[in-house]
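Reviewing the structure listed below.
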Amino acid sequence: ISADWRMIRASQAPMKRLDLPIEGMHCASCAANLERRLGREPGVLRAAVNFATTTATVEYDDARTDLPRLITAVDDAGYSVSARETVFPVEGITCAACVARIEKVLNRKPGVVVASVNFATAMVTVSYLPTLITPVDLHAAVRDAGYSVSVEAQPETVAESSDAVDLQRERTERELRSLRRSLLVALILGGLVFLISHLEMFRITAFPAQPTAWLLFLLATIVQFWPGWRFYVGTWKGVKHFTADMNTLIALGTTAAWGYSTTVLLLPHLFMETHDAGGVLHLLYFDTSVVIIALILLGRFFEARARSRTSDAIRKLMSLQAKTARVIRDGQLMEVPVAQVQPGDLVQVRPGETVPVDGEVVEGRSAVDESMLTGESIPVEKGPGDAVIGATMNRTGAFTFRAKRVGKDTVLAQIIRLVEQAQGGKAPVQRLADRVAGIFVPIVLLIALITLVVWLLLPGGGLVLAMLHFVAVLIIACPCALGLATPTAIMVGTGRAAEMGILIKGGDVLERAHALTVVVLDKTGTVTRGEPTVMAIHALDGEETLLLQLAASAEAGSEHPLGEAVVREAQSRMVPLLAATGFSAKPGRGIEASVADRRLFLGNEAFLQEHGIAVEALRLIARAMAEQGHTPLYIAADGAPLGVIAVADPVRPGVAEVIERFRQLGLRTVLLTGDHRQVAEAVAREVGIGHVIAEVLPRHKAEEVKRLQDEGAVVAMVGDGINDAPALAQADIGVSVGSGTDVALEASDITLIGDDLYGVVTGIDLSRRTLRVIRQNLFWAFFYNVLGIPIAAGVLAPLGILLSPILAAAAMAFSSVFVVSNSLRLKGYQPPKA
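Using this note's numbering, the letters of the sequence shown correspond one by one to residues -12 to 821.
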């Protein structure tokens, strides 16, 4: 019956066929599983998965399902659709309605997963299926919608990204130059029109009325169809696609004022009982149209100039990269463009030069300033074996390093890519603004027409008042502020974070950060340094140096972290090591070896007891060490106890201040570790963490995070981004702390390039501050329109409160400038002090 029903539906419904490229299939059973999952999706009449071609062919009813739902079904089955992403700039976007129009056109294209337009940057981001649609098709769709695409390719390297940013800057400067020319003409001629129209204010009445009226017409017409021509062009593009935007409102409003005044001038008998040249002047509203155009262009100019500053962070990051590198090839030192450096090349860096790419030092020593990427102001000492990051500054010595990551694989390139993605994204809070902007202009047109009719019919109204209120409603209702509210704040906020070595993924992270209640911190490598260190040495005979020498000599052949810590301590004290023989390791218990004709035993208490060694003399001191969070390493020789060495993973400097700052932000902290409870609780006491979850295996950390979420907590998980990946993914916000070279930058929602834990505080605080600015912007944008439109329509006219079209234009221009300027305040953000 089910099969028959599907055949009946297939014969009646308009069917679509879709070929989805699939990733993650390993065998034929994978194909069968995916086929069954897609077949259960509502609206899918047939699904066939070909394992050989890794393609899923789906026939479906597009009235019941769509591409995003099918992709979600594939993800639910444990596989993924290999979609690509392209980003390109668009010219001609003037308001939030343009954004809605472009997104609507692109999202309707077969093969487009999701399309998003950033009004602040005029950049379009499209996730698409390359088997169904190409970037060329996407560009053509945007052009068909009435806009221009100026860049065809997405940058792959830092150098190409820099070129793309230069093109974007050139486009912005070209827009500013065009606006400046139009603005100057509008201000000069519009100013003359305004002054001539209000000569009475200066008690000047000597000019002949008829020539004055024609002069006003000439000047106003130039302004209307030269600086104001851009509004007609935008309106025509919308008309061709049966849409309306900000240009439509301005063109209609100014044309109404100009057209009314021109009609009065040409046909005065329709408006006056007697042909009185002087009376005609009082019926002209040329000043209204020209001043509106001048004010709107002035607002656009300030807005465009302010918006150009929102992408300063990307430009600063781009400027960090070196242009050339000195590479040793075939024994010869040569200077090549940085784009030609290959992995494995030996690169020389002299004092005062920028490190061109990522790599590892092989010769020489120096201090490298990494503040431009990590925010850490103190230069870091580098020597053989140490990693160096491209775009950092070499301060003192010269060194040679082997290139490891170049081009788009460098840390700088990854950072730039993540910042661009974050700045191009949208916060969920913007969805309402986008929906409103999409239907806003038609609603305003309807309100303006109703206003016109009502004022024509009202006693004491008439054509002049009706026209003025009609124009005021059209002009004040521009939805620009709605479209700028979120993207400008996200751009400036994430850009400022990147300048401090903090990468915030995007707008959705900002919203989740605002709701955080619990911060879970991994212990090893996050709260602590992640490198065991000798904290104390206790020798029964008082000979601490001799005890350290024996222990380090025995441990020289060990790979255990505690043994390595003992060896490092001996080396730091310049204690010579003795030859060791007969080395034997017992995993989880200890080692034994012969040093200086003495049989040594090093390990835990149980290990020594197994060999019949009495440890009562060491037990009290060892217990005191354990209470401090240290691991006691018992040492005996020839059956007699010698002493105990305390080894611990020391807490990072400043962690206690970080925990206190979390408390001030209203966040509860939890220490999560696989270490022994006694050690974990000692660390927690030292830094002020109130809750400890200890002895948890790495694979179970995500379950502990889930348990906290089930209790109602909104959790941020802070870890190293590698071992803690499942817990980071489970948390509402995953925060990865790393050195910037080994950290997986895409693995978390917030990534610290440096290893200063205070960056977590800064990241959360800046996220909250940015969301606060977004809400301020949205409140202003909604408040401005909700309050302004009724006033412009004349609702408060009985109280004597009227809003002229000129004031409406000024208010509209101010609203957009206010939103952008409010967002730019984030450029001056400073981290909170503990």
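All C-beta atoms in this analysis are idealised placements derived from N, C-alpha and C, irrespective of residue type, glycine included.
Should Leu684 go down as buried or exposed, given a rule of 16 or more other Cβ atoms within 10 Å for buried? Here residue 684 corresponds to residue number 697 of the sequence shown, with the count starting at 1. Exposed.
Give the straight-line distance between the Cα atoms of Val451 and Gly493, rounded to the nearest whole angstrom. Sequence index remark: in the sequence shown, residue 451 carries index 464 (1-based). Sequence index remark: in the sequence shown, residue 493 carries index 506 (1-based). The straight-line gap from Cα to Cα measures roughly 49 Å.
Status (buried if at least 16 other CB within 10 Å, exposed otherwise) for Asp131: As a working mapping, residue 131 is identified with position 144 in the sequence shown. Classification of Asp131: exposed, given that the 10 Å Cβ count is below 16.
Under 6 Å Cβ to Cβ from Gly30, same chain only, skipping five residues before and after it: list those, please. For this step, residue 30 is matched to residue 43 along the sequence shown. Tyr47, Asp48, Arg51 and Thr52.
Is Ile463 near Ala800, with beta carbons less than 8 Å apart? Position 476 of the sequence shown, counted from the start, is the residue given in the question as residue 463. Position 813 of the sequence shown, counted from the start, is the residue given in the question as residue 800. Annotated as distal: Ile463 and Ala800, with beta-carbon spacing of 8 Å or more.
Where Gln319 sits in the DSSP three-state scheme: The sequence position of residue 319 within the sequence shown is 332, counting from 1. Strand at Gln319.
Assuming Ala635 and Thr618 form a contact by the criterion Cβ under 8 Å, report the distance between their Cβ atoms to the nearest whole angstrom. In the sequence shown, residue 635 corresponds to position 648, counting from 1. In the sequence shown, residue 618 corresponds to position 631, counting from 1. Going by Cβ atoms, the distance from Ala635 to Thr618 rounds to 6 Å, so yes, they are a contact pair.
I'd like to know whether the C-beta atoms of Val460 and Ala779 end up nearer to each other than 8 Å. The residue given as residue 460 occupies position 473 in the sequence shown. The residue given as residue 779 occupies position 792 in the sequence shown. Against a cut-off of 8 Å, the Cβ pair of Ala779 and Val460 comes out as a contact.
Quick one: what's Tyr621 bridged to in DSSP? Counting from 1 along the sequence shown, the entry for residue 621 is found at position 634. Bridge partners of Tyr621: Gly590 and Val631.
Minimum length 4: unbroken alpha helix (DSSP H) runs contained in the stretch 518 to 587: 531 to 542 and 548 to 559
Near Val68, which residues of its chain fall below 6 Å by C-beta distance, leaving aside the five closest residues on each side in sequence? For the purposes of this step, residue 68 is identified with residue 81 of the sequence shown, where counting begins at 1. Excluding positions up to five away in sequence, the list reads Leu7, Ile58 and Val61.
May I have the straight-line CA-CA distance separating Glu143 from Asp719, to the nearest angstrom? By one-based count along the sequence shown, residue 143 stands at place 156. By one-based count along the sequence shown, residue 719 stands at place 732. With a pLDDT of only 49 at Glu143, under the threshold of 50, the placement of this residue in the model should not be trusted, and no figure is reported.
Would you decide whether Met704 is buried or exposed? Buried here means 16 or more other CB atoms lie within 10 Å of its CB. Locating residue 704 in the sequence shown gives position 717, counting from the first residue. Buried: at least 16 other Cβ atoms inside 10 Å.
Per-residue burial, Leu239 [other beta carbons within 10 Å of its own, 16 or more giving buried]: Taking the first residue of the sequence shown as 1, we reach residue 239 at position 252. Answer is buried; the Cβ neighbour count reaches 16.
Kindly indicate which three-state DSSP category Met12 falls into: helix, strand or coil? Along the sequence shown, read from residue 1 onward, the residue named residue 12 stands at position 25. DSSP places Met12 in coil when its eight states are reduced to three.
Roughly how many angstroms lie between the CA atoms of His262 and Ile280, to the nearest whole one? Here residue 262 is taken as the residue at index 275 of the sequence shown, counted from 1. Here residue 280 is taken as the residue at index 293 of the sequence shown, counted from 1. Legend: pLDDT at His262 = 49, less than 50; position of this residue unreliable, value from coordinates given subsequently. So the alpha carbons of these two residues sit roughly 30 Å apart.
Within 8 Å, do at least three Cβ pairs link the stretch 518 to 528 to the stretch 625 to 634? yes
Short check: CB of Val348 to CB of Val375, under 8 Å? Within the sequence shown, the letter at position 361 stands for residue 348. Within the sequence shown, the letter at position 388 stands for residue 375. Yes, Cβ-Cβ distance for Val348 and Val375 is below 8 Å.
Report the three-state DSSP secondary structure of Glu143 (helix, strand or coil). By one-based count along the sequence shown, residue 143 stands at place 156. For Glu143, the pLDDT reaches just 49, beneath the cut-off of 50, and the residue's location in the model is therefore unreliable, although a value from the coordinates is still provided. Residue state, collapsed to three classes: coil.
Name the two residues that bound the continuous beta strand (DSSP E) containing Val74. Against the sequence shown, residue 74 aligns to sequence position 87. It spans Arg71 to Glu78 - the beta strand (DSSP E) in which Val74 sits, taken as one unbroken run.
Measure the Cβ-Cβ separation of Ser353 and Thr379 and say whether it is below 8 Å. Working through the sequence shown from its first residue, we reach residue 353 at position 366. Working through the sequence shown from its first residue, we reach residue 379 at position 392. No, the Cβ-Cβ distance between Ser353 and Thr379 is not below 8 Å.
Flag this pair as yes or no: are the beta carbons of Glu465 and Cys82 separated by less than 8 Å? As a first step, residue 465 is located in the sequence shown; it is residue number 478 there, counting from the start. As a first step, residue 82 is located in the sequence shown; it is residue number 95 there, counting from the start. The question names Glu, yet the displayed sequence has Cys at residue 465. A contact, by the Cβ cut-off of 8 Å.
For Gln717, is the classification buried or exposed, using 16 other Cβ atoms within 10 angstroms of its Cβ as the cut-off for buried? Here residue 717 corresponds to residue number 730 of the sequence shown, with the count starting at 1. With 16 or more other Cβ atoms inside 10 Å of its own Cβ, Gln717 counts as buried.
State the Cα-Cα distance for the pair Lys395 and Gly550, rounded to the nearest angstrom. Counted from its first residue, the sequence shown places residue 395 at position 408. Counted from its first residue, the sequence shown places residue 550 at position 563. Going from the Cα of Lys395 to the Cα of Gly550 covers about 40 Å.
Note down the Cα distance separating Gln665 from Ala671, rounded to an integer number of angstroms. For the purposes of this step, residue 665 is taken as the residue at position 678 of the sequence shown. For the purposes of this step, residue 671 is taken as the residue at position 684 of the sequence shown. Answer to the nearest angstrom: the Cα atoms are 10 Å apart.
Starting from the C-beta of Asp608, find all residues in its chain whose C-beta is less than 7 Å away, skip the five residues before and the five after it, and write them out in chain order. For this step, residue 608 is matched to residue 621 along the sequence shown. Contrary to the premise, residue 608 reads as Ile rather than Asp in this sequence. Around Ile608, the same chain offers His525 and Val631 as residues with beta carbons nearer than 7 Å, after the five sequence neighbours per side are excluded.
Which of the three DSSP states, helix, strand or coil, is assigned to Asp729? In the sequence shown, the residue the question calls residue 729 occupies position 742. For Asp729, the pLDDT reaches just 46, beneath the cut-off of 50, and the residue's location in the model is therefore unreliable, leaving the point undetermined.
Name the DSSP bridge partner or partners of His687? Translated into positions along the sequence shown, residue 687 becomes position 700. None, per the DSSP bridge assignment.
Is Asp509 helix, strand or coil by DSSP? Here residue 509 refers to the residue found at position 522 of the sequence shown. In the displayed model, Asp509 falls within a strand according to three-state DSSP.
So, helix, strand or coil for Arg33, using DSSP? The residue you call residue 33 lines up with position 46 of the sequence shown. Looking at Arg33 - three-state DSSP - the assignment turns out to be strand.
Same chain, Cβ closer than 6 Å to Arg833, neighbours up to 5 away in sequence not counted: The shown model of the chain, from -12 to 821, leaves out residue 833, and the question about it has no answer.
Would you identify the three-state DSSP class for Arg352, choosing helix, strand or coil? Numbered from 1 along the sequence shown, position 365 holds the residue referred to as residue 352. Note: Arg352 maps to coil in three-state DSSP.
Just to confirm, is the Cβ distance from Val823 to Val702 under 8 Å? One cannot answer for residue 823 here, as it falls past the ends of the chain, which runs -12 to 821.
Taking the Cβ atom as the reference point for each residue, do Val355 and Ala312 lie within a distance shorter than 8 Å? For the purposes of this step, residue 355 is taken as residue 368 along the sequence shown, with counting starting at 1. For the purposes of this step, residue 312 is taken as residue 325 along the sequence shown, with counting starting at 1. Contact flag unset, no.
Determine which residues share a DSSP beta bridge with His678 and list them. In the sequence shown, the residue the question calls residue 678 occupies position 691. Paired residue(s): Val657.
Taking Glu350 as the reference, give the member of Gly318, Glu340, Ser358 and Ala385 with the closest Cα. As a working mapping, residue 350 is identified with position 363 in the sequence shown. Selected option, being the one with the closest Cα: Ala385.
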